[in-house]
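Visitor: In the numbering used here, the protein residues as written are 396 to 765.
Beta carbons: idealized from backbone N, C-alpha and C, even for Gly.
Bear in mind the structure is a predicted one, so any value in this text is a computation, not a measurement.
See below:
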């Protein structure tokens with residue numbers, strides 16, 4: 396009898412145990428399903444792209460910054476990336492595009508966590524203008540965050556892309572400097588004779604050029620050589636027949652009207668070769684600045700054309716780089732004409748012409764499209 400009762404009690408205990416395990420299994424399954432749904436929901440609402448307009452205000456914690464809109468605040472998570480900008484200061488009105496990060500928790504909870512992707516300074520009334528362009532749309536998530544942060548105004552996000560363009564410009568300018576190189580070439584049977592004759596003639600050329608060019612001219616020796624001349628016969632080593640001495644003198648002057656007279660004076664004094672004549676612009680800062688400004692304007696114009704074609708507008712110039720700026724390219728006169736002038740009795744005519752200064756700019760702009 397006692398054994399029967401014991402067996403019945405054991406069966407009742409086992410049945411209860413299985414029931415408890417079944418209930419526990421169902422509870423765990425429901426809990427896991429709830430966690431999965433919560434995680435999926437959180438994954439869908441972790442970030443939200445927005446464009447907000449407001450004033451920059453420092454946070455209670457040192458180093459932090461808020462964008463205070465008309466109805467609330469956004470905490471800039473990456474404020475350090477923009478603190479080097481001249482316009483980034485307390486009270487400045489800015490427009491920022493980025494993502495609301497609901498997966499980020501802050502210690503003070505001063506504003507909705509906001510990861511900024513682009514930010515620029517805006518003028519007075521920017522918030523109203525931005526809201527009007529976007530139809531007054533506000534993000535519902537920002538309103539939800541307003542319960543904790545005092546509200547936040549957010550303009551509906553728009554597409555932002557970057558365009559890279561180049562601008563080129565060429566400016567013509569009148570040269571202000573002439574560079575003339577003449578040479579005295581002498582040939583004699585011995586090296587000493589060639590040198591002596593050359594030195595005498597070169598001295599006369601230098602004095603004549605200095606006199607004709609004026610007090611502000613610079614005259615200097617730019618090259619000297621003494622070379623033997625050889626005779627070649629078949630089956631015999633080459634023999635020296637004479638020596639050629641060559642002394643080049645360079646004149647640099649800002650008196651362009653005197654260049655022709657300097658060539659004539661050098662010829663009469665003994666120069667028998669014109670190695671080169673060029674015109675350049677030493678004081679080229681103003682011309683280069685004009686070329687750079689024109690190149691920049693062309694780059695900005697190209698960016699606007701691209702933005703309008705895409706149905707948007709240029710919102711910010713991200714970067715400008717001088718891609719290439721060529722200094723004035725010297726204009727060279729024909730040296731052969733110069734040598735012919737050495738034997739001509741008429742005055743040597745010289746026309747300086749004009750120079751070209753080129754500049755190139757590369758520009759990166761942000762374009763906001765609908």
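Do you know how far the Cα of residue 560 is from the Cα of residue 473?
Guide: Rounded to the nearest angstrom, the two C-alpha atoms are 28 Å apart.
Visitor: Per the contact definition of three or more C-beta pairs closer than 8 Å, is the stretch 633 to 647 in contact with the stretch 598 to 614?
Guide: Yes: at least three Cβ pairs fall under 8 Å.
Visitor: If you compare alpha carbons, which of 477, 701, 602 is closest to residue 758?
Guide: Selected option, being the one with the closest Cα: 701.
Visitor: Given this structure, state the Cα-to-Cα distance separating residue 511 from residue 475, to the nearest angstrom.
Guide: Near 11 Å, if we compare the C-alpha coordinates of residue 475 and residue 511.
Visitor: What is the C-beta distance between residue 571 and residue 672, in whole angstroms, given that I count them as a contact (C-beta under 8 Å)?
Guide: Residue 571 to residue 672, Cβ: 15 Å. No contact.
Visitor: How far does the beta strand (DSSP E) with residue 756 in it extend, from its first residue to its last?
Guide: Where residue 756 is concerned, the enclosing beta strand (DSSP E) stretches over 750 to 764.
Visitor: Can you check whether the CB of residue 451 is closer than 9 Å to the CB of residue 506?
Guide: No, Cβ-Cβ distance for residue 506 and residue 451 is not below 9 Å.
Visitor: Just list the residues that DSSP pairs residue 714 with in beta bridges.
Guide: DSSP, once it has assigned bridges, lists 759 as partnering residue 714.
Visitor: Note down the Cα distance separating residue 737 from residue 564, rounded to an integer number of angstroms.
Guide: Legend: pLDDT at residue 737 = 49, less than 50; position of this residue unreliable, value from coordinates given subsequently. Distance between the alpha carbons of residue 737 and residue 564: 40 Å.
Visitor: Whose CA, out of 685, 514, 743, lies closest to the CA of residue 487?
Guide: Comparing Cα-Cα distances from residue 487 to each of 685, 514, 743, the minimum goes to 514.
Visitor: Establish whether the CB of residue 583 and some CB of chain D are separated by less than 9 Å.
Guide: Absence of chain D from the displayed structure is noted, only one protein chain being present.
Visitor: Secondary structure at residue 544, three-state DSSP: helix, strand or coil?
Guide: Per-residue confidence for residue 544 stands at a pLDDT of 36, beneath the threshold of 50, marking its modelled position as unreliable; the derived number appears in the next sentence. DSSP places residue 544 in helix when its eight states are reduced to three.
Visitor: Between residue 715 and residue 688, what straight-line distance do the alpha-carbon atoms span, to the nearest angstrom?
Guide: In a straight line, the C-alpha of residue 715 is about 12 Å away from that of residue 688.
Visitor: Bridge partners for residue 563 per DSSP, in chain order?
Guide: DSSP lists 755 as partners of residue 563.
Visitor: When DSSP labels each residue in this structure, what does residue 655 get in the three-state scheme?
Guide: Residue 655 falls in the helix class under three-state DSSP.
Visitor: Any chance the stretch 633 to 645 sits against the stretch 575 to 587, with 3 or more Cβ pairs inside 8 Å?
Guide: Taking 8 Å as the limit for Cβ pairs, the verdict is that the stretch 575 to 587 does touch the stretch 633 to 645.
Visitor: Can you tell which of 465, 447, 478 has the C-alpha that lies nearest to the C-alpha of residue 453?
Guide: The shortest C-alpha separation from residue 453 is found at 478.
Visitor: Do residue 691 and residue 762 have their C-beta atoms closer together than 9 Å?
Guide: Against a cut-off of 9 Å, the Cβ pair of residue 762 and residue 691 comes out as no contact.
Visitor: What does DSSP give as the partner residue(s) for residue 460 in the beta ladder?
Guide: Its beta-bridge partners are 453.
Visitor: Where DSSP assigns a beta bridge to residue 468, which residues make up the other side?
Guide: For residue 468, which the question treats as bridged, DSSP gives the partners 463.
Visitor: In chain order, what residues of the same chain lie with their CB nearer than 6 Å to the CB of residue 618, ignoring the 5 residues before and after it?
Guide: Here the set comprises 643.
Visitor: For residue 651 versus residue 749, is the C-beta distance shorter than 9 Å?
Guide: No, they are not a contact pair.
Visitor: The alpha helix (DSSP H) that contains residue 672, what's its start and end?
Guide: Taken as a continuous stretch (DSSP letters only), residue 672 belongs to no alpha helix (DSSP H), being part of the beta strand (DSSP E) at 668 to 675.
Visitor: Where does residue 701 fall in DSSP's three states?
Guide: Residue state, collapsed to three classes: helix.
Visitor: Quick check on residue 596: buried or exposed, where buried means 16 or more other Cβ atoms within 10 Å of its Cβ?
Guide: Burial call: buried.
Visitor: In terms of residues, what are the limits of the beta strand (DSSP E) holding residue 595?
Guide: Premise fails: residue 595 lies in the alpha helix (DSSP H), 586 to 608, not in any beta strand (DSSP E).
Visitor: Look at residue 343 and residue 606 and say whether their C-beta atoms are less than 9 Å apart.
Guide: This structure leaves residue 343 out entirely; the chain is present only between 396 and 765.
Visitor: Can you name, in chain order, every residue of its own chain whose Cβ lies under 6 Å from the Cβ of residue 483, other than the five neighbours on each side?
Guide: Answer for residue 483: 477, listed in chain order.
Visitor: Considering residue 569, what are the terminal residues of the beta strand (DSSP E) in which it resides?
Guide: No beta strand (DSSP E) contains residue 569, which DSSP labels as neither H nor E.
Visitor: With a CB to CB cut of under 6 Å and the five nearest residues on each side skipped, what residues in its chain are close to residue 664?
Guide: Hits under 6 Å: 599, 600, 603.
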